[in-house]
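Chains as they are written, first to last, in the working numbering: chain A, 233 to 481; chain B, 233 to 481; chain C, 233 to 481. All residues carry an ideal CB built from backbone N, CA and C; glycine is no exception. Down below is the structure, laid out as structure tokens.
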């Protein structure tokens, strides 16, 4: 998959969206309690199923029957870390797409240690804001650990992988940063796309484009971040190839 | 209570709604973290109070002073299961109305084991989608365990009990399945109705009718599942005998 | 700071709001899982950052780098109480503004015991409804423990401190009590204001005024508690000195 131009990204995104809606993958989200509801609502709006198991004794069963995995380090608790160990140790799960969201890793040595542990598994897509990704770069440099894709979110989202140019996604709206959990939900949508698109860069670009276009469209109807959050879900549910090609310029 | 016709259900529902608004029962919800907020918002819209205690050392005190109980198996964690054991073992709570929502029981042997343990208490109303109820039917057949009511949610909700005909509730809207936690909230509303209506079938039919009518009305104003979730709460709060009789046809 | 008249409160509130928007403090919220999302959304709408760490091994690091602290006793769990002990024992945190929200303390001896433990730290602002504050008054009388401010929420919010007159805040709307977690979010906003305003009474009055004015304005556009919750966030984000002076009469 070559992603040289915006129209190529848009076209590829429409194909990924079509696959999501037709196959309805399930994403097992080990995620923070703040973002769980909006994460599931975003997934549902795209036709994706969500499960949020956190018990160590069911995480493997729930993850094996899921199509991809999200590990978000917000509001980590001992029991959720026990579950994470089980998930990382299960060899049947080692090839399943996994997205890591290292929330506030720059403020917590505990989260940094766990982010490193997840990265060690290999095959990981990492999504974070500039502060979070910066906090991980030293680790990448020291260990040679390379995630299969790194997304740095911001006014322009940037996607990078070893040996490829960085892909900028010029979409979205400043309201997106004000809605709690929307960034975390983006991580889940990347995982959903990775369940139906084997190239991690293409999957990530599709997810960020879906989010960015829905955000641009929703902002047009919104009086503030409260109404934006509502319209965003409506727009995500209404996305199709035509709306994608109209909006993404 | 005979529930032979739709108008009878509507009339009985209006009476239950009136009792909810006048007596403001409190439902103690041992429920998943994804659905907690929307569950409490649905209860509040009906004039019902919600508590969400999960600590094993307070679950009995909070449950004894509550009017009915919800046990939802989504995002179960060891500590919440410890609390559940205390709740099930307390003899003062054995007669209190209890609704079980066996979320994703078909995907997790752990949840199946706990669903069986809750059912053993007796006097339980079970609410689930077709996959979840199917996963429990073998257990019903093998053990002879009979919940006092079984609700299978779907395009048409079906309510059944031993020795009675199945009652279909022709209300609701497809958006309802897209809003995270709304199915879980329905379980809490059944528990609320069971606090003011001793017949579990009548209580369940009233709850599903309240939800279905609010859903039908809300869908008329909604551009997608995001705005639907907002209007749904408004419609639930505005429900009265007149709106019930208009909408439920 | 003298807060003798409404116009003084309004003026002081505008100054606190300006400081929030310019300095973007971070509030570390050890709060219940029901209210986490709306709490963060309210903080974001005011330009404030939120963190919700709950792990005992990171609570101190996350709290030291935060500007103020919220302790809310809703949905307490053993692990969150372990984190609370660490937070209370850390001497570096002893001077940081801390708001206590004793949710449902009247129904749970466990919560009452923990509320007392938090109050013992000193320098605490307490916010609760009439039932919750009443449940704590005996403790205040018996021990001579004096929070630096006590807010009793209701149709009229009342703020009191030792040796000062009680300040009534005539703002808000009945919908506010129907939106789950909005009262808990008010506690976080008090903590945010206390991060930029050293006088606890002035900080508390500012927070309750921000909430009350946003609530009054939002109610004008709302068809029920669902749409109110959406407009409330929009109004909070749009608040400025002009809107404050217009609305607060």
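Beta carbon proximity, residue 322 of chain A to chain B, threshold 8 Å: no
Near-chain C residues of the region 442–462 of chain A - C-beta to any C-beta below 9 Å: 454, 455, 456, 457, 458, 459, 460, 461 and 462
Environment of residue 312 of chain B [buried if 16+ CB atoms lie within 10 Å]: buried
Beta-carbon proximity check, residue 354 of chain B vs residue 465 of chain A, cutoff 8 Å: no
Best match in B:341, B:432 and B:455 for proximity to residue 287 of chain A [C-alpha to C-alpha]: B:341
Cβ of residue 413 of chain A within 8 Å of any chain C Cβ: yes
Reduced DSSP category for residue 309 of chain A - H, G, I as helix; E, B as strand; rest coil: coil
Assigned secondary structure, residue 240 of chain B (DSSP; H/G/I helix, E/B strand, else coil): helix
Proximity below 8 Å, CB of residue 248 of chain B to CB of residue 273 of chain A: no
Whole-angstrom distance between residue 239 of chain C and residue 295 of chain A, CA atom to CA atom: 58 Å
Three-way DSSP call (helix, strand, coil) for residue 484 of chain B in this model: The structure shown has nothing for residue 484 of chain B, since chain B only spans 233 to 481.
Distance, residue 441 of chain C Cα to residue 397 of chain B Cα: 56 Å
Residue 264 of chain A versus residue 417 of chain A - alpha carbon distance: 10 Å
For residue 283 of chain A, three-class secondary structure by DSSP: strand
CB of residue 476 of chain B within 8 Å of CB of residue 307 of chain B, strictly: no
Cross-chain neighbours of residue 472 of chain A in chain B, by beta carbon under 8 Å: Going along chain B, no residue has its Cβ under 8 Å from residue 472 of chain A, so there is no contact; the nearest lies around 13 Å.
Amino acids of chain A, ordered along the chain, whose beta-carbon sits closer than 8 Å to that of residue 342 of chain B: 287, 289, 290 and 293
For residue 332 of chain A and residue 351 of chain A, believed in contact at Cβ under 8 Å, the rounded distance: 7 Å
Distance, residue 406 of chain B Cα to residue 451 of chain B Cα: 9 Å
Proximity test, Cβ basis, 8 Å: residue 304 of chain C and chain A: no
Delimiting residues of the beta strand (DSSP E) encompassing residue 379 of chain A: It is not in any beta strand (DSSP E) - residue 379 of chain A carries neither H nor E in the DSSP assignment.
Candidates B:323, B:268, B:267 and B:281, of which the one nearest residue 292 of chain B by Cα: B:323
Buried versus exposed call for residue 276 of chain B [16 or more other C-beta atoms within 10 Å across all chains shown]: buried
C-alpha distance - residue 423 of chain A paired with residue 300 of chain A, whole-angstrom precision: 6 Å
Buried versus exposed, by CB contacts within 10 Å (16 or more), residue 385 of chain A: buried
Limits of the unbroken alpha helix (DSSP H) element including residue 458 of chain B: 457–470
Residues of its chain near residue 253 of chain B, where Cβ-Cβ distance is below 8 Å and the 5 sequence neighbours each way are ignored: 278 and 279
Exposed unless 16 or more other CB atoms sit within 10 angstroms - verdict on residue 363 of chain A: exposed
Residue 348 of chain B - DSSP class collapsed to helix/strand/coil: helix
Burial state of residue 270 of chain C, where buried means 16 or more other Cβ atoms lie within 10 Å: buried
Proximity test, Cβ basis, 8 Å: residue 464 of chain C and chain B: no
Coil, strand or helix - residue 411 of chain C by DSSP: coil
Inter-residue CB distance, residue 394 of chain B and residue 433 of chain B (contact presumed, cutoff 8 Å): Wrong, their Cβ atoms sit about 10 Å apart, outside the cutoff.
Residues, ordered as in the chain, of the region 247–276 of chain C that lie near chain B by beta-carbon distance below 9 Å: 264, 265, 266, 267, 268, 269 and 270
Own chain partners of residue 401 of chain C with C-beta closer than 8 Å, once the 5 adjacent residues on each side are dropped: 241, 388, 389, 390, 391, 437, 440, 441 and 444
Cutoff 8 Å: residue 311 of chain C Cβ touching any chain A Cβ: yes
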